[in-house]
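Everything on this sheet refers to the single structure shown next.
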Amino acid sequence: MMTPDHKHRILILGASGFIGNALYKELCSYFSTFGTYHVTNPAFELNKHFFQYRVEEDDIFEILEAVKPSIIISCLRGDFHAQVIAHRHMAEYVVAHDCKILFLSSANVFDAYSKFPSYEDDKTLSGSIYGHFKIKIENMLMRLPKKKVVIVRLPMIFGTQSPRVKVLKQHIADKTAIEVFPNLIMNVTTDFKLTQQIHYIINRNKHGIFHLGSSDLVHHDDFIMEMVTLITSENVHFKQVYTTNEDRYLAVIPKLNPLPKHLQICSTELLEELNNYMNYNP
9 MMTPDHKHRI
19 LILGASGFIG
29 NALYKELCSY
39 FSTFGTYHVT
49 NPAFELNKHF
59 FQYRVEEDDI
69 FEILEAVKPS
79 IIISCLRGDF
89 HAQVIAHRHM
99 AEYVVAHDCK
109 ILFLSSANVF
119 DAYSKFPSYE
129 DDKTLSGSIY
139 GHFKIKIENM
149 LMRLPKKKVV
159 IVRLPMIFGT
169 QSPRVKVLKQ
179 HIADKTAIEV
189 FPNLIMNVTT
199 DFKLTQQIHY
209 IINRNKHGIF
219 HLGSSDLVHH
229 DDFIMEMVTL
239 ITSENVHFKQ
249 VYTTNEDRYL
259 AVIPKLNPLP
269 KHLQICSTEL
279 LEELNNYMNY
289 NP
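Counting the sequence shown from 1 gives a position; the numbering used here is that position plus 8.
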C-alpha cells in the first residue's frame with residue numbers, strides 16, 4: 009500500500025453509500041481521506057476517519073472544522089431542502105478556505121430535453137423534482153470561483169454491488185416483472201470506472217463540468233435484458249413501459265472535458281466486468 013499523500017485532506021460526504029464508499033476505498037490509500045455515515049454502524053464508529061452525520065439534523069460546519077478538508081466530495085442523500093442548506097454552508101467554507109468542492113450531479117438535470125444527448129455546456133432544464141434539486145445546487149456552486157468547483161454529471165451507475173443490480177436480482181428471486189423502457193436511450197457507467205475518473209480529476213487538479221458516461225449509447229430495454237442474461241439463465245418477465253411514442257434521450261456525453269482514453273468506458277466493457285464477476289462468484 010502506498011503511503012498517503014498529505015497534499016490533500018479529502019472529506020467524502022455520504023461515504024457509507026454505494027458511490028461514496030467506493031470513492032473512499034479508491035482514495036484512502038493515496039490521500040488523508042475522511043467520510044461521513046448516516047445510520048449507526050459499529051464498523052464506521054471504530055474508524056477514526058468517519059463521522060456520523062445526519063443532513064436533516066446535524067451542522068456540517070462542525071465536521072468541516074474537525075477535518076479541515078482541501079477537497080469536499082459530496083455524495084449526500086436525504087431530504088432535498090436539508091441538502092440545499094448543507095451545500096450553502098459548504099460553499100461558504102470553500103470561499104473562506106483553501107478548499108475545492110466536487111459535487112456528484114446527475115443526467116436528470118437535462119431530463120426535460122429528450123431529442124438529443126446532453127453536453128457539458130448545454131443549458132440545464134428538468135421536469136423532475138430530483139433534477140430541479142440537482143440544478144439548484146449546481147447553480148449555487150457555479151457562483152463560486154471557477155477553480156474551486158468540479159461538477160460531475162452521472163448517468164445510470166451499475167456495478168456488482170450496486171443498488172440497481174441488487175434490485176434486478178431481487179426481481180429474479182421473487183419472480184416479479186422487471187420494468188424496462190424501450191424508448192429510453194441512455195449511457196451508463198460503473199462504480200469502478202467512476203472512482204478512477206474522480207481520482208484522475210483530483211490528481212490533475214481539474215475544475216469545471218465533467219460528463220462521466222459511457223462513450224456509447226444504449227437502449228434501456230436492450231441493456232437491462234443483456235444484464236439479466238448474465239445474472240441468470242432462467243426465464244425472466246419484463247414489463248415494457250412506454251412514456252412516449254418516440255425515442256427519448258437521457259445521456260451525458262463529454263465534449264469540452266473528455267478524459268484520456270484509458271479512463272473512458274463503453275457499455276460492453278461494463279457487461280464484461282459484470283460477467284467476469286458472476287463467473288468468479290457463481
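Cβ atoms here follow ideal geometry from the backbone N, Cα and C, with glycine treated the same way. Note that the structure is a prediction, hence the values are computed from the model and not measured.
Contacts around residue i, its chain only, beta-carbon distance under 7 Å, and the 5 residues preceding and following it disregarded
{"i": "Ile143", "result": "Val117, Thr132 and Ser134"}
{"i": "Phe52", "result": "Ser24, Tyr45 and Phe58"}
{"i": "Leu152", "result": "Ala99, Val102 and Val103"}
{"i": "Asp199", "result": "Phe26, Ile27, Ala30, Ile165, Gly167 and Ser170"}
{"i": "Glu254", "result": "Asn191"}
{"i": "Asp130", "result": "Phe118"}
Integer Cβ distance of residue i from residue j, believed to fall under 8 Å
{"i": "Phe295", "j": "His16", "result": "Look at the range of the chain in this structure, 9 to 290, and you will see that residue 295 is not part of it."}
{"i": "Thr44", "j": "Leu21", "result": "5 Å"}
{"i": "Ile186", "j": "Ile232", "result": "7 Å"}
{"i": "Met194", "j": "Leu238", "result": "The pair is not a contact, with the Cβ atoms about 18 Å apart (cut-off 8 Å)."}
{"i": "His228", "j": "Leu192", "result": "4 Å"}
{"i": "Met148", "j": "His95", "result": "6 Å"}
{"i": "Glu64", "j": "Gly86", "result": "6 Å"}
{"i": "Ile109", "j": "Ser136", "result": "With 8 Å as the limit, Ile109 and Ser136 do not qualify as a contact, their Cβ atoms being about 24 Å apart."}
{"i": "Gly167", "j": "Val196", "result": "10 Å between Cβ atoms; not a contact."}
{"i": "Leu162", "j": "Ala90", "result": "Rounded, the Cβ-Cβ distance is 21 Å, inconsistent with contact."}
{"i": "Phe69", "j": "His97", "result": "6 Å"}
Outcome for residue i when other beta-carbon atoms lying within 10 angstroms are tallied against a minimum of 16
{"i": "Glu146", "result": "buried"}
{"i": "Ser24", "result": "buried"}
{"i": "Asp230", "result": "exposed"}
{"i": "Val236", "result": "buried"}
{"i": "Ser302", "result": "Lying before the first or after the last residue shown, residue 302 is absent from the chain, which here runs from 9 to 290."}
{"i": "Leu54", "result": "exposed"}
{"i": "Glu280", "result": "exposed"}
Own chain, CB closer than 8 Å to residue i, minus 5 neighbours either side, in chain order
{"i": "Lys154", "result": "His215 and Gly216"}
{"i": "Tyr32", "result": "Ile20, Ala23, Thr41 and Gly43"}
{"i": "Asn265", "result": "Glu128, Lys214, Gly216, Ile217, Phe218 and His219"}
Start-to-end residues for the alpha helix (DSSP H) that takes in residue i
{"i": "Phe141", "result": "Ile137 to Leu149"}
{"i": "Glu234", "result": "His228 to Ile239"}
{"i": "Thr197", "result": "From DSSP, Thr197 is part of no alpha helix (DSSP H) but of the beta strand (DSSP E) over Val196 to Thr198."}
{"i": "Leu176", "result": "Pro171 to Asp182"}
{"i": "Ile68", "result": "Ile68 to Val75"}
{"i": "Ile27", "result": "Phe26 to Leu35"}
{"i": "Arg96", "result": "Phe88 to Ala104"}
{"i": "Phe124", "result": "Premise fails: Phe124 is in no alpha helix (DSSP H) and is neither H nor E."}
{"i": "Phe52", "result": "Pro50 to Leu54"}
First and last residue of the uninterrupted beta strand (DSSP E) at residue i
{"i": "Glu187", "result": "Ile186 to Val188"}
{"i": "Val157", "result": "Val157 to Leu162"}
{"i": "Phe111", "result": "Lys108 to Ser114"}
{"i": "His219", "result": "Gly216 to His219"}
{"i": "Phe118", "result": "No beta strand (DSSP E) holds Phe118; DSSP gives it neither H nor E."}
Sequence-distant residues of the same chain with beta carbon closer than 6 Å to residue i, five excluded per side
{"i": "Thr11", "result": "Residue confidence is low: Thr11 scores 46 on pLDDT, short of 50, so the model does not pin down where it sits. Its coordinate-derived value is still stated next. If we look at Thr11 and ignore the five residues flanking it on each side, it has no Cβ neighbours."}
{"i": "Thr223", "result": "The sequence given here has Ser at residue 223, not Thr. Closer than 6 Å at the Cβ level, and outside the excluded window around Ser223, lie Gln272 and Cys274."}
{"i": "Tyr138", "result": "Asn116"}
{"i": "Thr252", "result": "Asn191"}
> Is there contact here, the region 122-130 with the region 63-76, by at least three beta-carbon pairs under 8 Å?
Replying inline: no
> Taking three-plus beta-carbon pairs below 8 Å as touching, is the region 204-223 in contact with the region 260-277?
Replying inline: yes
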